[in-house]
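Participant: Under our numbering, the first residue of the sequence shown carries the number 83, and numbering increases by one thereafter. No residue lacks a Cβ here, since even glycine has one placed at the ideal position from N, Cα and C. Please read these numbers as outputs of a predicted model, since none were measured by experiment.
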Amino acid sequence: MKKQFPENFWWGAATSGPQSEGRFNKQHASVFDHWYEVEPEAFYDQVGPDTASNFYNSFKEDIALMKEVGLNSVRTSIQWSRLIDDFETASLNPDGVRFYNDLIDEFIRQGIRPVINLHHFDIPVALYQQYGGWESKHVVTLFVKFAEQCFNLFGDRVTDWFTFNEPMVVVDGQYLYQFHYPKLVDGKKAVQVAYNIQLASAKTIQAFRRIKQQPASRIGIILNLTPSYPATNEAADLKAAEIANLWMNQLFMDPSTKGTFPPALVELLAADGVLWDSTPEELAIIKDNTIDVLGVNFYHPHRVQQPAVSADSLAVDWMPSRYFEEYHMPGRRMNVDKGWEIYPQALYDIALNIRDNYGNLPWFVSENGMGVSREERFLNQAGVIEDDYRIQFIQEHLYWLEKGISEGSNCFGYHLWTPLDCWSWGNAYRNRYGLIATNIHTQVKTIKKSGHWFAKTAQANQVE
Ligand code: BGP
Numbered sequence: 083m084k085k086q087f088p089e090n091f092w093w094g095a096a097t098s099g100p101q102s103e104g105r106f107n108k109q110h111a112s113v114f115d116h117w118y119e120v121e122p123e124a125f126y127d128q129v130g131p132d133t134a135s136n137f138y139n140s141f142k143e144d145i146a147l148m149k150e151v152g153l154n155s156v157r158t159s160i161q162w163s164r165l166i167d168d169f170e171t172a173s174l175n176p177d178g179v180r181f182y183n184d185l186i187d188e189f190i191r192q193g194i195r196p197v198i199n200l201h202h203f204d205i206p207v208a209l210y211q212q213y214g215g216w217e218s219k220h221v222v223t224l225f226v227k228f229a230e231q232c233f234n235l236f237g238d239r240v241t242d243w244f245t246f247n248e249p250m251v252v253v254d255g256q257y258l259y260q261f262h263y264p265k266l267v268d269g270k271k272a273v274q275v276a277y278n279i280q281l282a283s284a285k286t287i288q289a290f291r292r293i294k295q296q297p298a299s300r301i302g303i304i305l306n307l308t309p310s311y312p313a314t315n316e317a318a319d320l321k322a323a324e325i326a327n328l329w330m331n332q333l334f335m336d337p338s339t340k341g342t343f344p345p346a347l348v349e350l351l352a353a354d355g356v357l358w359d360s361t362p363e364e365l366a367i368i369k370d371n372t373i374d375v376l377g378v379n380f381y382h383p384h385r386v387q388q389p390a391v392s393a394d395s396l397a398v399d400w401m402p403s404r405y406f407e408e409y410h411m412p413g414r415r416m417n418v419d420k421g422w423e424i425y426p427q428a429l430y431d432i433a434l435n436i437r438d439n440y441g442n443l444p445w446f447v448s449e450n451g452m453g454v455s456r457e458e459r460f461l462n463q464a465g466v467i468e469d470d471y472r473i474q475f476i477q478e479h480l481y482w483l484e485k486g487i488s489e490g491s492n493c494f495g496y497h498l499w500t501p502l503d504c505w506s507w508g509n510a511y512r513n514r515y516g517l518i519a520t521n522i523h524t525q526v527k528t529i530k531k532s533g534h535w536f537a538k539t540a541q542a543n544q545v546e
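1) Could you check where the alpha helix (DSSP H) with F233 kicks off and where it finishes?
2) Which one or two residues does DSSP pair with K527 in a beta bridge?
3) Using a threshold of 9 Å, state whether the C-beta atoms of D144 and I467 are closer than that.
4) Please confirm whether S155 and R195 have their CB atoms less than 9 Å apart.
5) Given this structure, state the Cα-to-Cα distance separating F87 from I373, to the nearest angstrom.
6) Any heavy atom of ligand 1 closer than 8 Å to the beta-carbon of T500?
7) For S360 and I368, what's the separation of their Cα atoms in angstroms?
8) Locate the beta strand (DSSP E) running through A96, then write down its first and last residues.
9) Any idea if D254 is buried or exposed, counting beta-carbon neighbours within 10 angstroms, 16 or more meaning buried?
10) How far does the beta strand (DSSP E) with W445 in it reach, from first residue to last?
11) Mark A134 as exposed unless 16 or more other C-beta atoms lie within 10 angstroms of its C-beta, in which case mark it buried.
12) Looking at the secondary structure, which residues open and close the alpha helix (DSSP H) in which H479 lies?
13) Can you check whether the CB of A433 is closer than 9 Å to the CB of L376?
14) Hey, how far is the Cα of I303 from the Cα of T245?
15) Please go through the region 328 to 391 and give each complete beta strand (DSSP E) segment of 3 or more residues, from N-terminal end onward.
16) Under the assumption that M250 contacts L333 (Cβ atoms under 8 Å), give the Cβ distance between them as a whole number of angstroms.
17) How about A540 and L235: are their beta carbons less than 9 Å apart?
18) Can you give me the C-alpha to C-alpha distance between R437 and N492, rounded to a whole angstrom?
19) Could you check where the alpha helix (DSSP H) with H116 kicks off and where it finishes?
20) Helix, strand or coil for S283 per DSSP?
21) P297 to T241, Cα distance in whole Å?
22) Just to confirm my understanding: we take N462, look at its own chain, exclude 5 residues before and 5 after, and list those with CB closer than 6 Å. What are they?
23) In chain order, what residues of the same chain have a beta carbon less than 6 Å from the beta carbon of W216, not counting five sequence neighbours either side?
24) So who's on the other strand from H497, going by DSSP bridges?
25) Can you have a look at A366 and say buried or exposed, based on whether 16 or more other CB atoms are within 10 angstroms of its CB?
26) Going by alpha carbons, who is nearest to N315 out of C504, I522, V386, Q211?
27) Check E89 in the structure and name its three-state DSSP category.
28) Using three-state DSSP, classify F536 as helix, strand or coil.
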């Protein structure tokens, strides 16, 4: 059955500066440039952010391909370490200014709305080395200065801004579960980092409202929402799911939209002795500077259960996962290459949750996608990757999204991760997500079957 989407729906895709551009300005390194320099063997195929998908050199041709696959909007990010020369004063690097100006102009020239995000995990490594990165409130101040430069430089053309992509991944990856450099395990720091990022987001929104150049401009945050479903209806599993949702979803969602952290989470952290340092002035800034618009990255849900070992018996460093653990639900549908469950209905649950519990604020799917390895297996004789699994994945997610919209959820767009196969910290180039294939040796780009399908779907503004 055909499902029609609202008028002016955003049909788009998302990428980020560090994952697509390649290293063009060597004066400063982001944390990922540094990680790749010191530990290249950590990355599949040893392809790194120095090359990525060569977007810096080929952005004009790449944007033409994005147009061809039907995108009317694209999100990317501005790299702090590329735009800024001196992080303390936020003086500008001319190469960075030129590149991002040209990039934004080119998107607009080709009829694609540029959606700009300011932080995609890519803090300059110098700010780690000097201040401990997001552990420091001084870094919060420096980030706002960088953001102000972006609003002043590009705010005459860019109307859609986001402060952070997936702040939870910084907390989890860098401070708890060791999947992002520098791979620490420190619950106390993790909690402070979460707070500092939320503060940085609110202060950036405050600055944006002071200096925004166009009345229609708006700003938000991008959160990876992972609905946590309990293994059973028993009280202990329900409790585990409640805490998982508080930590993984509400920690950023509530202060970003309502201006306050969820009281149940604050109580839990305080009882565990890991609550952040905050001041009344900071909390007032968070309260007064909520978002205009929300981006939701959705890949997979969580299934959780009560942990086998009770929280009290764990004398180790504080970890949120002492209150919940993953439940391997029998029969769940998996993307085996990535190890993530495929459960499109969660997008409907998210849509109704935003409608019912978050004032039905405007939102869009800012990432959703399917990473598959060795896609050359699916090359046909004409040299096109026949990625029917990706088409099916998108179709199913759009089906549930449209159902949420038709029941009143205020969703205005769907962005796939990602336009061009690109690099990532967790994955390098192992699993490919793009509508357009990138040959990492030649940097030749070829539209996949899903790209042709996406163009038709966007054009019709409907999915079958
Ligand atoms: C999201 C990130 C993206 C992207 C994606 C796919 O969490 O915002 O940057 O990388 O996940 O993940 P991966 O590349 O690790 O498979």
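Facilitator: On the basis of the data shown:
1) Along the sequence shown, read from residue 1 onward, the residue named residue 233 stands at position 151. That run of the alpha helix (DSSP H) goes 219 to 236.
2) Position 445 of the sequence shown holds residue 527. According to DSSP, K527 bridges with T520.
3) Position 62 of the sequence shown, counted from the first residue, corresponds to residue 144. Position 385 of the sequence shown, counted from the first residue, corresponds to residue 467. No, they are not a contact pair.
4) The residue given as residue 155 occupies position 73 in the sequence shown. The residue given as residue 195 occupies position 113 in the sequence shown. In contact: S155 and R195 (Cβ atoms closer than 9 Å).
5) If you number the sequence shown from 1, residue 87 lands on position 5. If you number the sequence shown from 1, residue 373 lands on position 291. One C-alpha to the other measures close to 24 Å.
6) In the sequence shown, counting from the first residue as 1, residue 500 sits at position 418. Ligand 1 has a heavy atom closer than 8 Å to the beta-carbon of T500.
7) As a working mapping, residue 360 is identified with position 278 in the sequence shown. As a working mapping, residue 368 is identified with position 286 in the sequence shown. Taking the straight line joining both Cα atoms gives about 11 Å.
8) Here residue 96 refers to the residue found at position 14 of the sequence shown. Segment 92 to 96, the beta strand (DSSP E) holding A96.
9) Looking up residue 254 in the sequence shown gives position 172. With 16 or more other Cβ atoms within 10 Å, it is buried.
10) The count along the sequence shown starts at 1 and reaches residue 445 at position 363. Going by DSSP, W445 is part of the beta strand (DSSP E) stretching over 445 to 449.
11) Mapped onto the sequence shown, residue 134 falls at position 52. A residue is called buried once 16 or more other Cβ atoms fall within 10 Å of its Cβ, and A134 is buried on that count.
12) Translated into positions along the sequence shown, residue 479 becomes position 397. Here the alpha helix (DSSP H) through H479 covers 470 to 488.
13) If you number the sequence shown from 1, residue 376 lands on position 294. If you number the sequence shown from 1, residue 433 lands on position 351. Their beta carbons are not under 9 Å apart, which means L376 does not touch A433 by this criterion.
14) As a first step, residue 303 is located in the sequence shown; it is residue number 221 there, counting from the start. As a first step, residue 245 is located in the sequence shown; it is residue number 163 there, counting from the start. Whole-angstrom Cα-Cα distance: 5 Å.
15) Fully enclosed beta strand (DSSP E) runs of 3 or longer: 375 to 379, 384 to 387.
16) On the sequence shown, position 168 is the one that residue 250 refers to. On the sequence shown, position 251 is the one that residue 333 refers to. At roughly 7 Å, the Cβ-Cβ gap stays under 8 Å, so M250 and L333 are in contact.
17) Counted from its first residue, the sequence shown places residue 540 at position 458. Counted from its first residue, the sequence shown places residue 235 at position 153. Their beta carbons are not under 9 Å apart, which means A540 does not touch L235 by this criterion.
18) Numbered from 1 along the sequence shown, position 355 holds the residue referred to as residue 437. Numbered from 1 along the sequence shown, position 410 holds the residue referred to as residue 492. Near 7 Å, if we compare the C-alpha coordinates of N492 and R437.
19) The residue you call residue 116 lines up with position 34 of the sequence shown. Where H116 is concerned, the enclosing alpha helix (DSSP H) stretches over 113 to 120.
20) Numbered from its first residue, the sequence shown carries residue 283 at position 201. Of the three classes helix, strand and coil, the one that applies to S283 here is helix, per DSSP.
21) Here residue 297 refers to the residue found at position 215 when the sequence shown is read from its first residue. Here residue 241 refers to the residue found at position 159 when the sequence shown is read from its first residue. Straight-line Cα distance between these residues: approximately 9 Å.
22) In the sequence shown, the residue the question calls residue 462 occupies position 380. Cβ neighbours of N462 within its own chain (closer than 6 Å, five residues either side excluded): E468.
23) Walking along the sequence shown from the start, residue 216 turns up at place 134. Around W216: V275, N278, I279.
24) Taking the sequence shown and counting its residues from 1, one reaches residue 497 at position 415. BP columns for H497 point to G94.
25) Mapped onto the sequence shown, residue 366 falls at position 284. Classification of A366: exposed, given that the 10 Å Cβ count is below 16.
26) The residue you call residue 315 lines up with position 233 of the sequence shown. Among C504, I522, V386, Q211, the Cα nearest to that of N315 is on V386.
27) To locate residue 89, count along the sequence shown from 1; it is residue 7. It is coil, neither helix nor strand.
28) If you number the sequence shown from 1, residue 536 lands on position 454. DSSP places F536 in helix when its eight states are reduced to three.
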